[in-house]
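What follows is one structure encoded as structure tokens, with my remarks underneath.
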Amino acid sequence: MAFGKSKEPKSPKAPKEKKPKKPKKEKPPKAKKPKKGKNAPEAVEGQEEEQPKKKKLPLPLLLISLAVIVAAAVIVFLVVIRPMLSGDQDADPDVTVSVEPEPPVLPTEIPIGEDVSIKGLALGSDESGALAEKAKTITYTYYNLVDAGKAAEIYATQLAKEESPGFSVVDEEFVRIKEKPDYTTAEGMVLLARNVPVEAPEPTPEPEVESEAPADGDPEESTAPTPEPTPTPEPEPTPEPITYVHTVRITWSPGVCVVTADEQEGKVTSPPASSGSASHGVTQHSAKQILQEMEPAQLELVGESMDNYEVMPVDGTETVDGRPCIRLYVYSDNNQPNSNEFLGSYLMSIDGEHLYKVDPVTDEIKELEYTPK
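Using our numbering, the first residue of the sequence shown is number 698, and each one after it goes up by one.
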């Protein structure tokens, strides 16, 4: 007897079916490149035409091309367009315009003392490179000069022709000297000075003394003795006013000219008269000759020479400051008959040491800066 359940035999499983593989896509055959001289192969149906690839230029060639284009544009603008806009298309670029040198711009005035100035050193166009530098002591240094001695000579002449009072060449004691410095030397110095006008003090009015007259009909007062007048005290001597001079010291060296202006206490004077001139004195003829040899600026006249003026002495003498003087008239001489114009009169002391000018309107007499010869 059999125990348990009887097992039924298992039926075999059916084999799994394999899935069919997908067919591979066939690539179209590539068209062969035709050889030189042969026609291109015909296109195959269903085959896309292959586009030829474009060749790109390298970066250096692009930069060079761009630079050439920019340079060409600049040349066209400068050569063609710009001359047309400015109207200079016919101008020759090789022709250069010569420019004449211009005089330098330098100080026109040099201050002296309080609110007083004199003219500055004037230079021509040949000194176009000159410069001026002001120092603390009212000193101007002119440098880069072509001829410093010549510049100093021209400046000294200008100062001598200044309006009254003019400058004179003096020594260190402010005494006028006749000898002029040699401006042709490489280095040198000249000192010029003039007196500062002194204002005349205002006259002090004298006090009025009131005298009491006796009343009429009063015999007692009429018989009274007249009191003696009180003696007037002698006036104290007036101290001489302090006088000042304007000085201009000019020193020069190669390429440099130093101008120092100052105001000092003192007075410009003439040298003492020689014994010969004092004994003989000045005649009308010699006084006329002295005026004709002077510069017009010394007589407060215009011009470069007294050749343009006629000097005529007058007979007799006149007294000025206790000195006998000869009067001389000055006329213009323009070489036309009967056309001389009266310009003024002058008085020269017989000792030849003093020269005065007479104002033609007010007859006021003033002494001129004069160096006797």
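Idealized CB from N, CA, C, for every residue including glycine.
This one's a predicted model, so the numbers in the text were calculated from it and none came from an experiment.
Which listed residue (the options) has its alpha carbon closest to that of residue i
| i | options | result |
| --- | --- | --- |
| R1020 | T838, G963, Y837 and G1049 | G1049 |
| E960 | L759, V796 and V813 | V813 |
| L998 | L763, T980 and Y1043 | Y1043 |
| V953 | I761, M1009 and M886 | M886 |
| Q981 | G1000, I1047, L889 and V895 | I1047 |
| V1017 | E1001, H1051 and D868 | H1051 |
| T881 | E962, D844, I874 and S762 | D844 |
| L988 | P969, G978, P1010 and L759 | P1010 |
| E992 | E869, K964 and L856 | L856 |
| V867 | E884, V979, S967 and L763 | S967 |
| E1015 | E1038, E1001, A770 and K1054 | K1054 |
| V979 | Y1006, M1045 and L996 | M1045 |
| L996 | L1065, I874 and E870 | L1065 |
| E870 | T1059, E962, G1041 and P878 | E962 |
| F1039 | Y1006, S1002 and P938 | Y1006 |
Residue burial classification, residue i (beta-carbon count within 10 angstroms, cutoff 16)
| i | result |
| --- | --- |
| V794 | exposed |
| G1013 | exposed |
| I1023 | buried |
| H943 | buried |
| A768 | exposed |
| L842 | buried |
| V796 | exposed |
| F864 | buried |
| V765 | exposed |
| A883 | exposed |
| A827 | buried |
| L820 | buried |
| A853 | buried |
| V771 | exposed |
| P862 | buried |
| V1058 | exposed |
| I760 | Residue identity differs from the one stated: residue 760 is Leu in this sequence, not Ile. Answer is exposed; the Cβ neighbour count stays below 16. |
| L888 | buried |
| Y1067 | buried |
| D1060 | exposed |
Own chain, CB closer than 7 Å to residue i, minus 5 neighbours either side, in chain order
| i | result |
| --- | --- |
| G817 | L803, P804, T805, E806 and I807 |
| K833 | Only weak support exists for where K833 lies, its pLDDT of 48 falling under 50; the coordinates are left without a value. |
| I874 | V866, V867 and D868 |
| K1063 | Y1053 and K1054 |
| D1030 | N1005, Y1006, E1007 and N1037 |
Residues of its chain near residue i, where Cβ-Cβ distance is below 8 Å and the 5 sequence neighbours each way are ignored
| i | result |
| --- | --- |
| E799 | S822 and S825 |
| E859 | I815, K816, R891 and A994 |
| I835 | I807, P808, I809, T957, A958 and D959 |
| F774 | none |
| T645 | Nothing about residue 645 can be reported from this structure: the residues present for the chain run from 698 to 1070 only. |
According to DSSP, residues forming a beta bridge with residue i
| i | result |
| --- | --- |
| L1025 | P1010 and Y1043 |
| T980 | DSSP, once it has assigned bridges, lists no residue as partnering T980. |
| K816 | E806 |
| S822 | According to DSSP, S822 bridges with nothing at all. |
| T836 | T957 |
| M886 | T948 |
| T966 | V872 |
| D847 | The amino acid at residue 847 is misidentified as Asp; the sequence shows Lys. Note: K847 sits in no beta bridge, so no partner. |
| H943 | R891 and E960 |
| T1016 | P1021 |
9 Å Cβ cutoff, residue i in contact with chain B
| i | result |
| --- | --- |
| L775 | The structure shown contains no chain B, having only a single protein chain. |
Neighbourhood of residue i by C-beta, 6 Å cutoff - its chain only, sequence neighbours within 5 removed
| i | result |
| --- | --- |
| A829 | L803, P804, Y837 and Y839 |
| V1008 | K985, L988, Q989, L1025 and V1027 |
| D879 | none |
| V955 | T838 and T948 |
| V872 | T966 and P968 |
Exercise. Report yes or no: do the segment 841-848 and the segment 948-960 share at least 3 C-beta pairs separated by less than 8 Å?
Key: yes
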